[in-house]
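Trainee: Numbering (the numbering used here), first residue to last: 38 to 123.
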């Protein structure tokens, strides 16, 4: 696994601005984007737009985001990543 780059995005979800860190990683056969907010793991996106969850990361967190807000955030991150130039 190779870490390619880390980006920050500020997104507004339900009237609250969140700063997300997006870590791009290359596993050889798949590139994924791990999304974090305030050092809490939120989700992973594949380059094709599939949503994955790292069970270990999620299971060891004290707080997990409201699923409704998480769905909105997932769509916003997908849109931002799709609109960025390669």
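From the three backbone atoms N, C-alpha and C, an ideal C-beta is built for every residue, glycine too.
(1) Can you tell me where the beta strand (DSSP E) holding residue 42 begins and where it ends?
(2) Closer than 8 Å by C-beta to residue 90: which residues in its own chain qualify, once you throw out the five before and the five after it? Chain order, please.
(3) So, at 6 Å on beta carbons, what are the nonlocal neighbours of residue 109 in its own chain, with the 5 sequence-adjacent residues on each side left out?
(4) What residue range is occupied by the uninterrupted alpha helix (DSSP H) comprising residue 119?
(5) For residue 39, which residues in the same chain have their Cβ closer than 6 Å to its Cβ, ignoring the five residues on either side in sequence?
(6) Would residue 69 and residue 59 qualify as a contact pair, given that the criterion is a beta-carbon distance under 7 Å?
Mentor: Once the coordinates are examined:
(1) Locating residue 42 in the chain shown gives position 5, counting from the first residue. The continuous beta strand (DSSP E) containing residue 42 extends over residues 39 to 50.
(2) In the chain shown, residue 90 corresponds to position 53, counting from 1. Only 80 and 81 meet the Cβ criterion.
(3) The count along the chain shown starts at 1 and reaches residue 109 at position 72. Contacts found: 50.
(4) Along the chain shown, read from residue 1 onward, the residue named residue 119 stands at position 82. For residue 119, the enclosing alpha helix (DSSP H) starts and ends at 104 to 120.
(5) Along the chain shown, one-based indexing puts residue 39 at 2. Excluding sequence neighbours, residue 39 sits near 63.
(6) Numbered from its first residue, the chain shown carries residue 69 at position 32. Numbered from its first residue, the chain shown carries residue 59 at position 22. No.
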